[in-house]
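Sequence lines, in order, name chains A and B. For what it's worth, this note's numbering labels the leading residue of the first sequence as -14, then goes sequentially. For what it's worth, this note's numbering labels the leading residue of the second sequence as -14, then goes sequentially.
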Amino acid sequence: MAGIKAFDEMTSAPDGVRAPYRDVAQWLADTPAATLEAKRSEVDQFYRRQGITFGAYGATDGHETTIPFDIIPRVIAHDEWQYLERGLTQRVRALNAFLTDAYGERQICRAGVIPERQLLLNAEFVPLAQDLDLPGGVHCHIAGIDIVRVGERDFFVLEDNVRTPSGVSYVLENREVMMRLAPELFASMGVLPVANYTEELLATLRSVSFSDDAEPNVVLLTPGPYNSAYFEHAFLADEMGIELVEGTDLFVDEGRVYMRTPRGPQRVDVIYRRIDDAFLDPLAFRPDSLLGLPGLIGALRSRRVNVVNAIGNGVADDKSTYVYVPDMIRFYLGEEPILQNVPTHRGDRPDDLKFILDHLPELVVKEVHGSGGKGMLVGPTSSKAEIEEFRAHLVAHPYDYIAQPTLALSTCPTFVNQGVAPRHVDLRPFVLSGKEITIVPGGLTRVALKDGSLVVNSSQGGGTKDTWVLGPNGQHGQQVPLQSQSQSQS
Amino acid sequence: MLSSTAKNLYWMGRYLQRAENMARLLEATQRTALQSSKTEAFDVAEMYGLADAFEAIHPDGELPQLIDFMTLNVENPSSVINSVRAARDNARAERNNLTTDVWESLNGLWLEVAAIARRRRSVDRGAFVETVKKQTVMIAGAAQSTLLRDEAWNFLSLGTYLERADNTIRILDVKYHRLQPDGAPQARDGVDYYGWSEILTCIGALRTYRRVYRARIEPRKVAELMILRRDLPRSIHHCLWQLDLSMRELAELYGNRGEADRQAGALHAELRYGRIDDIFEAGLRDFLEDLRDRLDELSSEIGRQFLLD
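What follows is the structure, encoded as structure tokens:
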């Protein structure tokens, strides 16, 4: 991605160091590379010993992979965070209102803001979620909103994840590690804590039970130890002190869900599931699923058990729905969006399509229902032939594509083999919605460890960093109130 | 707590105990072999019903081959590496119900064992056995000093003591009868000192024997110590006592009793009031075999009663 000049979160300042990073810069200057290297290998040992791993569990040689952790924290100033927090709260309120409406009266369609076919013909639309009438009107209890930064005051939402977003265990474990590795630096900066996440999560889960029990029974439903995120499932259940269950630990009797225990069946009120909709209940969705619980959706519809996140949420975080989120905010909340979308051109609009076709070498084109980089064109890094081949698909199926400019994601100093160097990052804060909305300050910072790479996914050489949100007494950013920049929305 | 959790903890207890017992047994066997230049490789394989499988791979039945077969051979279901791996898999599924101390020490054992297995050609078998013995003691210590004494603890305990009782029975059965083929309580002429001390070393009780009896090693006393002595942590009586205690605690927690409680109580009472002379009179071998059958039955009954199957 040569030629892209990115905003660097530490050094893009007139005097060479942005205020929130002053202590970090000093720490880096004072710490010899050998010490950093020693710290890095210490971390790797720690993660391996704790079994904080992902991927191929059960490899016969005892090898499990750890996600690389970068020992240089990413810092977010207090005022920057306040801005993000306001924007995230607003966005998730709108998404919840939208999902209630999408599976209710669909007023937003009647008002002509979103065409009804956008919902009803969407592959992610789940008719069984119609009129669920969930406690508090909450459908996305846990949202992971991916945010990228491109300038001092320019943040964009890249993606909303409201199905089963993962990664929060790394937020918590990374913090534990950083506090051990750099205690003085940590203490000097007034970093806001993240450790209360699991408490807030449990409170959120309990607050959406259908029953009036003071202590509803909440369980975490996992696909099992072979799932790549199993560590996180076990970690969260452990931290919350709730049972980690697989489908076979549960059964449905007379419309109620129970778990099998040595003392007999015990009722379950709320299921925090980390299994996709399609595998949740073989009676309702894929009949060949062995992971789920037969009869679960029946119990949900008869309001005996709540399922978190709700079923059918995919209709809200789908790439084709993404473009409507700013309109949702205006429609449901009567407010202007605080956080902006990345300007997105849609293949199903003739003017947009012409623009896309004229600017293919500069754009990132994504398939609406694709994920994980499938069906995607990154213009600036593609050959002429690849672009022309993609052009043909686009002309044939314009409805299936959207296009966005190639963003110069901000960079942060990162400890790589060559020493400390800037690498591109993104941010996934986790937004909890129950009776109220709670956001633990920070989130998962993913970093592209390869020089120049914009791909932060762990499957493609990405790592993580601890994200330090500074408290009100920490060093501030530019002291200028952050404002949303007006974006040309197509 | 889930039934599947109870099951995982029960099996974690069994597999860990199996790994530890095997390490102790191999160490004792190796020590004796050094001192008396006798090898008993087939005895040990026979103890676990693996004599044929062992002979098929190693017809000469040398001790180093036995140790290899019993430690690192992944085809052998009773090998130490398989037991550690199974214990670790059970623990991994139940990290929630274990403390960090227990999990980390068990995971640490697995990582060490797996690393040794990868350098297979240059394995120091003595060091391997030593590592397993040390680490399993550390895991037990971590469990003892950090785990909540709740239902999970009791299921872990059931697995641990069932397996340990079974192990002591196997050692006595095979090793005792090799030294005393007629099962007599008195030593024959020319006492095989190394043989008898080896039996005691298998359960870490050689010094204990001397402290308790202040006498020469005699078959009858060895049997008495290993079967009836309640305060010896690896004696059959001790194991059945602990088993019964855990069953009682679970009965209290759950507010009901079942067939498994009756069986555990009966087994415990029998050992508690048993006399070594009566056991020899009726025949040691029959006594041990009957005990093993009844332990198997108890194990199945526990599975039924707590929905572990």
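Even glycine gets a Cβ: it sits at the ideal position worked out from N, Cα and C.
Cut-off 6 Å between Cβ atoms - residues of its own chain near residue i, not counting five sequence neighbours on either side
| i | result |
| --- | --- |
| K24 of chain A | I56, L166 |
| P322 of chain A | P311, I314 |
| S154 of chain A | E217, F220 |
| Q290 of chain B | G243, A245 |
| G419 of chain A | T189, S192, V193 |
| L141 of chain B | L(-6), G(-2) |
| Q120 of chain B | L94 |
| P532 of chain A | Absent from the structure is residue 532 of chain A, since the part of chain A shown begins at -14 and ends at 475. |
| T74 of chain A | I422 |
| V176 of chain A | W453 |
| F440 of chain A | Residue identity check: residue 440 of chain A is Val in the sequence provided, not Phe. Contacts found: A433. |
| P457 of chain A | H63 |
Per-residue DSSP class, three states only, for residue i
| i | result |
| --- | --- |
| I61 of chain A | strand |
| S(-11) of chain B | helix |
| T16 of chain A | coil |
| A388 of chain A | strand |
| E476 of chain A | Here chain A covers residues -14 to 475 and nothing more, so residue 476 of chain A does not appear. |
| R257 of chain B | helix |
| I202 of chain B | coil |
| G456 of chain A | coil |
| A7 of chain B | Note that residue 7 of chain B corresponds to Met in the displayed sequence, not to Ala. Helix, per DSSP. |
| G136 of chain A | strand |
| V28 of chain A | helix |
| F110 of chain A | coil |
| D281 of chain B | helix |
| Y211 of chain A | coil |
| N139 of chain B | helix |
| F270 of chain A | coil |
| F291 of chain B | coil |
| E47 of chain B | coil |
| L278 of chain A | coil |
| S130 of chain B | helix |
| F195 of chain A | coil |
| T45 of chain A | Unreliable placement is indicated for T45 of chain A, whose pLDDT of 41 sits below 50; the coordinate value is still reported in the next sentence. It is coil, neither helix nor strand. |
| R214 of chain B | coil |
| P120 of chain A | helix |
| Q165 of chain B | coil |
Residues of its chain near residue i, where Cβ-Cβ distance is below 8 Å and the 5 sequence neighbours each way are ignored
| i | result |
| --- | --- |
| A301 of chain A | L80, F83, L84, A87, H124, C125, D145, V147 |
| S130 of chain B | D86 |
| M361 of chain A | V349, V350, K351, E352, G355 |
| A406 of chain A | P398, T399, D436 |
Beta-ladder partner(s) of residue i, from DSSP
| i | result |
| --- | --- |
| S418 of chain A | A:I422 |
| A433 of chain A | A:G447 |
| V255 of chain A | A:V203, A:N291 |
| A128 of chain A | A:V416 |
| F54 of chain A | A:T449 |
| D(-7) of chain A | A:T396 |
The beta strand (DSSP E) enclosing residue i, as first and last residue numbers
| i | result |
| --- | --- |
| C397 of chain A | 396 to 401 |
| P407 of chain A | 404 to 413 |
| N291 of chain A | 291 to 293 |
| Y239 of chain B | Where Y239 of chain B is concerned, there is no enclosing beta strand (DSSP E), although the alpha helix (DSSP H) it sits in stretches over 221 to 239. |
| Y243 of chain A | 241 to 244 |
Span of the alpha helix (DSSP H) around residue i
| i | result |
| --- | --- |
| R196 of chain B | 191 to 198 |
| G283 of chain A | 281 to 286 |
| F236 of chain A | First-last for F236 of chain A: 235 to 238, but that is the beta strand (DSSP E), not the alpha helix (DSSP H). |
| E40 of chain B | 36 to 42 |
| L104 of chain A | 101 to 105 |
| H485 of chain A | The first residue shown for chain A is -14 and the last is 475, placing residue 485 of chain A beyond what the model contains. |
| L157 of chain B | L157 of chain B -> no alpha helix (DSSP H), and no H or E assigned at all. |
Same chain, Cβ closer than 7 Å to residue i, neighbours up to 5 away in sequence not counted
| i | result |
| --- | --- |
| G240 of chain A | G283, A284, S287, R289 |
| N298 of chain A | L84, H124, C125, V147, R148 |
| L51 of chain B | A26, V29, A30, F39 |
Return the chain-ordered ranges of every alpha helix (DSSP H) run that is complete within the region 303 to 365 of chain A and spans a minimum of 4 residues.
-> Restricting attention to alpha helix (DSSP H) runs no shorter than 4 residues, the region 303 to 365 of chain A encloses them at 304 to 307, 310 to 313, 335 to 343, ordered along the chain.
Residue ranges of each alpha helix (DSSP H) run of no fewer than 4 residues wholly in the region 140 to 185 of chain A, ordered along the chain?
-> Taken in chain order, the complete alpha helix (DSSP H) segments of 4 or more residues contained in the region 140 to 185 of chain A are 153 to 166, 168 to 174.
Entirely within the region 63 to 123 of chain B and at least 4 residues each: give me those alpha helix (DSSP H) ranges in chain order.
-> Qualifying alpha helix (DSSP H) stretches, in chain order: 65 to 78, 85 to 103.
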